[in-house]
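Undergrad:
Residue numbers (our numbering): 20 to 94.
#1: Are the Cβ atoms of residue 49 and residue 29 separated by less than 8 Å?
#2: Whose C-beta lies closer than 6 Å to the C-beta of residue 66 among residues of the same chain, with five residues either side of it excluded?
#3: Leaving out the 5 sequence neighbours to the left and right, which residues in its chain are closer than 6 Å to residue 21 when beta-carbon positions are compared?
#4: So, are the CB atoms of residue 53 and residue 45 less than 8 Å apart?
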């Protein structure tokens with residue numbers, strides 16, 4: 020592990036310390052977990068953006084197939 024220095028405003032530090040106590044984590048563990056979660060969310064957003072761009076470039080050609088099953092069949 021590496022040691023770094025991070026500058027936080029007083030209210031953010033107070034909130035982080037409060038959550039760290041509540042979750043029984045030390046400040047460093049809380050910040051590591053939060054950063055991992057944020058990076059994972061960014062990675063998901065990037066993959067979703069690539070999917071969206073791909074579908075815009077090559078639209079789904081099977082949209083009409085769903086039109087046949089939009090309504091429930093008659094019993």
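Glycine included, every Cβ here is placed at the ideal spot set by N, Cα and C.
TA: Quick answer:
#1: no
#2: Excluding residues up to 5 positions away in sequence, nothing lies with its Cβ nearer than 6 Å to the Cβ of residue 66 in the same chain.
#3: Leaving aside the five residues that flank residue 21 on each side, none in its chain has a CB nearer than 6 Å to its CB.
#4: no
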